[in-house]
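Here is the structure we will look at.
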Amino acid sequence: MRDAFFSELYDLFRHDRRVVFLTGDLGYKLFDQLKGHDPARVINCGIREAGMIGYAAGLAKTGLLPFVYSITPFVTLRCLEQIKIDLCYNRANVVVVGVGGGFAYGPNGPTHHGIDDIGVLSCLPRLTVWTPSDPREVRLCIRAAASLDSPAYLRLGRNKEPDIFDSLKHTPDISRPALVREGSDGVIVTSGFILHEVLNAADCLKQQGIHPAIVRITTLRPFPEEFIRAAIADGRPVMTVEEHVATGGLGQETARIVAETGKGNRFSMLAIPAEFPDACYDRDALLARSGLDAASIAASYRRLWTPNTATGGA
Amino acid sequence: MTMSPDDQQSIHQLQQDLRRDIIMMAAHSGHVGVALSCVDIVAALYAGVLNCTPATADHPERDRFILSKGHGCMALYAVLARMGFIDRQLLETYGQNGSLLAEHPLAGKISGVECASGSLGHGLALAAGMAKGLKLQGLDARVFVLLGDGECNEGSVWEAAALARAGNLDNLVAIVDGNGLQACGKYEDISPGFKLADCWKSFGWEVSEADGHKYRELVEALGQASDSGLPKVVLCRTIKGKGIDFMEEDLEWHYRPVNGDDRDRAFRRLSRA
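Line by line, the protein sequences are chains S and C.
The opening residue of the first sequence carries number 3 in my numbering; numbering runs sequentially from there.
The opening residue of the second sequence carries number 77 in my numbering; numbering runs sequentially from there.
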């Protein structure tokens, strides 16, 4: 995702002179190409995330289009009030780019985990939140940024995410939820690069004769309320899967709609527990410990789909 | 309508008129001492320094002003009304339900307010970004930002100061309203040993000082272009509550609305002065 981001940004940077790249002293060598093209529009702000957001807001207020880049927690929670006031309230069209969303920086520890970014940022009016699921969607988000008139947050993984949409032979549209796999046995709604785990879980379920539809949401804010309402209107079982804590995330938003719709959908929400891990773990281990690896997702869905079997517990 | 007072009497008149408007606005809300501390600086900027009029308030090459210490906004509103950016009638709605003049400037509501402020420590980074944006686009305009000395407690001010220095933003002028009093005490007691002139110098800024209530001195200090290629800060010596003797240097007037006998007394002081 990171390489896709820089390569697509380079393309936009060359053609749109409004684009300015700001980094909080991260991304070693990754923005050299941008610098080679026009060093004046590449600014290493140093380890000053709050200052960097305000600086970007000022740039935007003169008509430029800044992209602000750092590791997820540093460019979100660290400078939250600057995002709220300088960007959202003052309506400055700045793209805040967090690299390493979710557990992408696993062994770096909780200081580097980006598992509460969406919930916190979702409190802020006017902020578009993009959680692309693969490198191709990252490119589409950058193209969409060029026509924004308000701020956006782009949540990236790191650099190993597979090209899901290419393998599905599916042209994604980030502006609306997509049915990435047809299915008649309920629905799994997910967002971001954990889609890969969800698809693997679906493969596993298929072998057991369970065929959930899979929906991915890339533009998470504003939340695609009407789509979800329509998708669950027939009362089918719904599971949400997100690489984020439950608070303020996809699952809570969907649960609200399930409750309001009142069709009696069986519902299950898979999210990261709001607790600090007890030791060092990589992403795969952290996902497994959170019940978010493909096998755990499949097992949870099986319990949702067949609640009365001996192994059930839903 | 714009005005640039050219004699001592009209300068004095302007300063007194602005104070009258501030006292009028402060009937139901606090921060009158703050507004009286910075109003002469804001007046000098709009009347004698800024290349920005109501007609050019959206022009890309206008000079910009950000009131980072947003709680001093009665001063800004009074000046904007005098300079014709907003209708003077609007001042009477200050702080009331449905008014565009909140007790801290709202975003995108009135001509002459570049951005919202109220939470301290935001304005300098915004101003620096604007100054950088103007430079990147080859636009010949300057950006002025007014901070409080208490506001300089905020770490984000110093992040922004470093960014402005790194960008060699000689089109950026920071102004510090140095009245020496914060919300709950004296600046020097809260930040002992933290000498602002030394701090700004150590961040690589061009530093000058001015009496924050003397119009001509302010116009000269603020209007002078930086000759060092560096961002410039003008540290202004001011008096909280300036111009109303019973409010001067008294922390009570950081908070207290001006009504009843106090209001009458304040107007009497102004008419005598």
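No residue lacks a Cβ here, since even glycine has one placed at the ideal position from N, Cα and C.
inquiry  = Using DSSP's beta-bridge definition, name the partner residues of S:LEU67.
reply    = The residue you call residue 67 of chain S lines up with position 65 of the first sequence. The partner list for S:LEU67 (beta bridge, DSSP) reads S:VAL21.
Taking only three categories from DSSP, how would you classify S:GLY48? The count along the first sequence starts at 1 and reaches residue 48 of chain S at position 46. Here S:GLY48 sits in coil by DSSP.
query = Between the C-alpha atoms of S:SER152 and S:LEU129, what's the straight-line distance to the nearest angstrom?
reply = In the first sequence, counting from the first residue as 1, residue 152 of chain S sits at position 150. In the first sequence, counting from the first residue as 1, residue 129 of chain S sits at position 127. Answer to the nearest angstrom: the Cα atoms are 7 Å apart.
Can we say the region 290-308 of chain S touches the region 271-285 of chain C, given the rule of at least three CB pairs closer than 8 Å? Short answer: they don't touch.
Kindly list, in the order they appear in chain C, the residues whose Cβ is closer than 7 Å to that of S:CYS47.
One-based indexing of the first sequence puts residue 47 of chain S at position 45. Simply LEU239.
Practice task
Consult DSSP for S:ARG285 and reduce its assignment to one of helix, strand or coil.
Solution key: For the purposes of this step, residue 285 of chain S is taken as residue 283 along the first sequence, with counting starting at 1. Looking at S:ARG285 - three-state DSSP - the assignment turns out to be helix.
Q. Under 8 Å Cβ-Cβ, which residues of chain B neighbour S:ALA42?
A. In the structure shown, chain B cannot be found, because the protein chains are S and C.
Closer than 7 Å by beta-carbon distance: list the chain S residues that pair up with C:GLU235, in chain order. Position 159 of the second sequence, counting from 1, holds the residue named residue 235 of chain C. By Cβ distance, chain S contributes ARG50, ALA52, GLY53.
Practice item. Please decide whether S:GLU318 counts as near chain C, where near means a Cβ-Cβ distance under 8 Å. Key: In the structure as shown, chain S begins at 3 and stops at 316. Residue 318 of chain S is therefore absent and cannot be evaluated.
Would S:ILE117 and S:GLY104 be called neighbours here (beta carbons separated by less than 8 Å)? As a working note, residue 117 of chain S is residue 115 in the first sequence. As a working note, residue 104 of chain S is residue 102 in the first sequence. In this structure, S:GLY104 lies closer than 8 Å to S:ILE117 by Cβ.
Practice item. Just tell me which of S:PRO275, S:VAL22, S:ASP119, S:ARG183 has its CA closest to the CA of S:VAL77. Key: Within the first sequence, the letter at position 75 stands for residue 77 of chain S. Checking every option, the nearest Cα to that of S:VAL77 belongs to S:ASP119.
By Cβ distance, which residues of its chain are closer than 7 Å to C:ARG136, with the 5 residues on each side in sequence left out?
Counted from its first residue, the second sequence places residue 136 of chain C at position 60. One point to set straight first is that residue 136 of chain C is Pro, not Arg, in the sequence displayed. So the qualifying residues of the chain are LEU215.
Is the beta carbon of C:ILE315 sitting closer than 8 Å to the one on C:GLU328?
Numbered from its first residue, the second sequence carries residue 315 of chain C at position 239. Numbered from its first residue, the second sequence carries residue 328 of chain C at position 252. Result no, Cβ atoms of C:ILE315 and C:GLU328 do not sit closer than 8 Å.
Pick from S:VAL98, S:SER72, S:LYS86 that is closest to S:LEU32, judged by C-alpha positions: Reading the first sequence from its first residue, position 30 is the one you call residue 32 of chain S. Among S:VAL98, S:SER72, S:LYS86, the Cα nearest to that of S:LEU32 is on S:SER72.
#### Entry: Buried or exposed by the 16-neighbour rule on C-beta atoms within 10 Å, applied to C:GLN91
Locating residue 91 of chain C in the second sequence gives position 15, where the first residue counts as 1. With 16 or more other Cβ atoms within 10 Å, it is buried.
**Report entry** Alpha-carbon spacing of S:THR313 relative to S:GLN210, whole angstroms
**Finding:** Looking up residue 313 of chain S in the first sequence gives position 311. Looking up residue 210 of chain S in the first sequence gives position 208. Because the pLDDT at S:THR313 is just 48, under 50, the model does not fix this residue reliably, and the value given afterwards should be weighed accordingly. When rounded, the distance between both Cα atoms is 14 Å.
Put C:GLY288 into one of helix, strand or coil per three-state DSSP. The residue you call residue 288 of chain C lines up with position 212 of the second sequence. Per DSSP, reduced to three states, the secondary structure at C:GLY288 is coil, with no helix or strand assignment.
List in chain order: all unbroken beta strand (DSSP E) runs of 3+ residues lying wholly within the region 114-144 of chain C.
140-143
By the 10 Å Cβ neighbour count, where 16 or more other Cβ atoms means buried, how is C:GLY305 classified, buried or exposed? Residue numbering aside, residue 305 of chain C sits at position 229 when the second sequence is read from its first letter. Looking at its Cβ environment, which holds fewer than 16 other Cβ atoms inside 10 Å, C:GLY305 is exposed.
Exercise for review: Mind reading off the beta-carbon distance from S:VAL97 to S:VAL70? Whole number of angstroms is fine, and I expect it under 8 Å.
Suggested key: In the first sequence, residue 97 of chain S corresponds to position 95, counting from 1. In the first sequence, residue 70 of chain S corresponds to position 68, counting from 1. Contact flag correct, Cβ pair sits at about 7 Å.
**Asked** Helix, strand or coil for C:ILE186 per DSSP?
**Response** On the second sequence, position 110 is the one that residue 186 of chain C refers to. If DSSP states are grouped into helix, strand and coil, C:ILE186 belongs with coil.
Exercise for review: Name the two residues that bound the continuous alpha helix (DSSP H) containing S:VAL217.
Suggested key: As a working mapping, residue 217 of chain S is identified with position 215 in the first sequence. No alpha helix (DSSP H) holds S:VAL217; the beta strand (DSSP E) holding it covers 215-218.
Quiz prompt | Spatially closest choice to C:LEU196 from C:ARG345, C:HIS147, C:GLU168, C:HIS104, by CA coordinates | solution = Taking the first residue of the second sequence as 1, we reach residue 196 of chain C at position 120. For C:LEU196, the nearest C-alpha among the options comes from C:HIS147.
> Using the beta-carbon of each residue, which ones in chain S are nearer than 8 Å to C:ALA250?
Replying inline: Within the second sequence, numbered from 1, the residue matching residue 250 of chain C stands at position 174. None at all; the shortest Cβ gap to chain S is about 13 Å.
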